[in-house]
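Data first, discussion second: the structure below is written as structure tokens.
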Amino acid sequence: MAAISTHDPLADLLPRIASGDRAALQQLYQASSAKLFGVCLRILSNRDESEDVLQEVYLTIWRRADRFDAGRASVMTWMSTIARNRAIDRLRARGPLAYAQPVDEMEIEDTAPRAEALLEAAQDGAALHRCLAELDERTAKVIRIAFFEGVTYEALAQRLDTPLGTVKSWIRRGLLKLKGCLER
Amino acid sequence: MSDIGPELPQDEALAAEHALGVLTAAERAAAELRMARDPAFAAKVEAWRERLASLAEEVEAVQPPAGLWPRIAGGLSVNDNQAVVRRRLRFWRGATVGSLALAAASLAMVAVLATRPPPIIVTPPPGPMMNARLMPTSGGRPMFLAAYDPQRKAVLVASLVPPGSDPTHSHELWLIPADGKPRSLGLVEQGASKSMPISDRMAAMATEGASMAVSVEPMGGSQQDGPSGPVAAIGKLARI
Chain A
38 MAAISTHDPL
48 ADLLPRIASG
58 DRAALQQLYQ
68 ASSAKLFGVC
78 LRILSNRDES
88 EDVLQEVYLT
98 IWRRADRFDA
108 GRASVMTWMS
118 TIARNRAIDR
128 LRARGPLAYA
138 QPVDEMEIED
148 TAPRAEALLE
158 AAQDGAALHR
168 CLAELDERTA
178 KVIRIAFFEG
188 VTYEALAQRL
198 DTPLGTVKSW
208 IRRGLLKLKG
218 CLER
Chain B
11 MSDIGPELPQ
21 DEALAAEHAL
31 GVLTAAERAA
41 AELRMARDPA
51 FAAKVEAWRE
61 RLASLAEEVE
71 AVQPPAGLWP
81 RIAGGLSVND
91 NQAVVRRRLR
101 FWRGATVGSL
111 ALAAASLAMV
121 AVLATRPPPI
131 IVTPPPGPMM
141 NARLMPTSGG
151 RPMFLAAYDP
161 QRKAVLVASL
171 VPPGSDPTHS
181 HELWLIPADG
191 KPRSLGLVEQ
201 GASKSMPISD
211 RMAAMATEGA
221 SMAVSVEPMG
231 GSQQDGPSGP
241 VAAIGKLARI
């Protein structure tokens, strides 16, 4: 992506990992595991499962390091995408019960950024939060739920008891506004 | 609510939805396949991932337990079958026409498909979708894309080789599971995409980390148990 102009210190580790350098993987683990463990915990709300998933995530990174393309994504984004996908797979494997919880019962505080995390957030992050805040509350909430829970359109529509087309339309319009806002 | 306003163009919407994670498993797989084939679309997805990534940044970092790294380190060698595959490839290459044929074979591909993780805990429901990019053994861009759909027990494969570029050979797709022995999945026409149903026995071998390869064979495919021609491309199955 064009936005990546500064040198990504983690990017040097990937080619070494791809060639089988375990020390490089350990270095990457030390630099990133707390962040990725946080992502797994946020999605799964369960320590044991999050540990299992985190283990899978680093094994995946080990196997797929050759697919990382520094021109397209930052290492952290690439790894968080893997962590999020894995955690969501695990969540989906729990079965339909995972989706049974109606949105109204979800704690809003839970989806809101924590103060200290916000302070740490990079400039990009701050921009995204500003832009999410510009969306109507429900759209922003639905986008967060989708992101952190891997809920499909169908499941979202069921939970919200809203027609599928309407939910799609909310999210698509929300994403379009988000993009417009981020480009300003 | 009735917010009226424009929607994202179709491609852009799909890219955003894929990055956000609202697609079903099958749609996700199709999107991944398209990313591998269509760089402009892939760039859109990556751009959306970057945009949304800062959502993950708002999550508080939590130190994992000290015992986790040793667990990961202990699993590394077990999961890496790269060396086995390379050895096989060297064998194939040596056994066939040699490096000149390989150069000529840059138009042909070998795909190796790996399947889902073997039963570790309880029987997982249908198992994850997986895909593989089959890269030329000499490096460069992918020549074949493959995806394994455990629900349909089928391998989807797309040949990125220009149609008609090697009219005197067939391209044969192989699955190379942990035992290192290639199993034929069938022929792949140049420039074509197809869905290949696979047997239960084969499906059980399609686990994450298994390889897929494409070999260049006489018309109609290899006459022997394994590949008889050079391997044009190889890749590993990984979860989408």
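In order, the protein sequence lines correspond to chains A and B. Be aware that the first sequence starts at 38, since it is given in our numbering, and climbs by one per residue. Be aware that the second sequence starts at 11, since it is given in our numbering, and climbs by one per residue. Note that beta-carbon positions come from the ideal geometry of N, C-alpha and C, so glycine has one too.
Runs of alpha helix (DSSP H) with 4 or more residues, each lying fully within the stretch 81-125 of chain A, are found at 84-101, listed in chain order. The way I'd put it, the stretch 154-173 of chain B does touch the stretch 200-215 of chain B; three or more beta-carbon pairs between them come closer than 8 Å. At a cut-off of 8 Å between C-beta atoms, B:A142 does not count as an interface residue with respect to chain A.
The beta carbons of B:L144 and B:A63 sit no closer together than 8 Å. The three-state secondary structure of B:L18, taken from DSSP, is coil. As DSSP reads the structure, B:L185 sits in a beta bridge with B:R193. Judged by DSSP in its simplified three-state form, B:D48 adopts coil rather than helix or strand.
Per DSSP, B:G245 lies in no alpha helix (DSSP H) segment; the continuous beta strand (DSSP E) that holds it begins and ends at V241 to K246. Residue range E174 to E186 is occupied by the alpha helix (DSSP H) that includes A:A177. Within the stretch 199-218 of chain B, E218 place their CB atoms closer than 9 Å to a CB of chain A, listed in sequence order. For the stretch 69-83 of chain B, the set of positions with a beta-carbon nearer than 8 Å to some beta-carbon of chain A reads V69, E70, A71, V72, Q73, P74, P75, L78, W79, R81, I82 and A83 in chain order.
For the stretch 98-116 of chain A, the set of positions with a beta-carbon nearer than 9 Å to some beta-carbon of chain B reads W99, R100, R101, D103, R104, D106, R109, A110, S111, M113, T114 and W115 in chain order. Nearest to B:A53 by alpha-carbon distance, out of B:P173, B:S238, B:L24 and B:V241, is B:L24.
No Cβ of chain B is located within less than 8 Å of the beta carbon of A:L81.
For B:M212, the enclosing alpha helix (DSSP H) begins and ends at D210 to M215. Residue environment analysis places B:M229 among the exposed positions, since fewer than 16 neighbouring C-beta atoms fall within 10 angstroms of its C-beta.
Residue pairing of B:L155 in beta bridges, as defined by DSSP: B:R143 and B:A168.
Interface residue (Cβ-Cβ distance to chain A less than 8 Å): B:T178 is not classified as such. Taking one beta carbon from each stretch, the stretch 191-199 of chain A and the stretch 37-44 of chain B have fewer than 3 pairs nearer than 8 Å; the two do not touch. Exclusion of the five residues before and after A:L73 leaves L91, V94, M116, S117 and A120 as the residues of its chain whose Cβ lies within less than 7 Å of its Cβ.
In the structure shown, the three-state DSSP call for A:A170 is helix. With a contact defined as Cβ atoms closer than 8 Å, B:A242 and B:P146 qualify at about 6 Å. Chain order gives no chain B residues near A:K178, where near means a beta carbon separation below 8 Å; the closest approach is about 12 Å. Following the DSSP letters along the chain, one finds A:S206 in no beta strand (DSSP E) but inside the alpha helix (DSSP H) bounded by residues L201 to E220.
At least one C-beta of chain A is nearer than 8 Å to the C-beta of B:T34. Within the stretch 181-195 of chain A, those residues whose Cβ lies closer than 8 Å to any Cβ of chain B are, in chain order, R181, A183, F184, F185, G187, V188, T189, Y190, E191 and L193.
Residue environment for B:A76: exposed (fewer than 16 other C-beta atoms within 10 angstroms of its C-beta). Using beta-carbon distances, A:L65 does not count as an interface residue toward chain B, since no partner is under 8 Å. Listed in chain order, the non-local C-beta contacts of B:D21 below 7 Å within the same chain comprise F51 and K54, local neighbours out to five positions each way being set aside.
In the three-state reduction of the DSSP assignment, B:A63 falls in the helix class, which pools H, G and I. If you ignore the 5 residues before and after A:R84, its C-beta comes within less than 8 Å of the C-beta of L78, all in its own chain and listed in chain order. Distance from the CA atom of A:I208 to the CA atom of B:L43, rounded to whole angstroms, is 23 Å. Taking the Cα of B:V69 as reference, the smallest distance to any Cα among A:G108, A:L219 and A:F185 is reached at A:F185.
Residues of chain B with a Cβ closer than 9 Å to the Cβ of A:V90 do not exist; the shortest Cβ-Cβ separation is about 11 Å. Look at B:P177 here: in three-state DSSP terms it is coil, with no helix or strand label.
The beta carbon of B:L18 sits closer than 8 Å to those of A26, all from its chain and outside the five residues before and after it, given in chain order.
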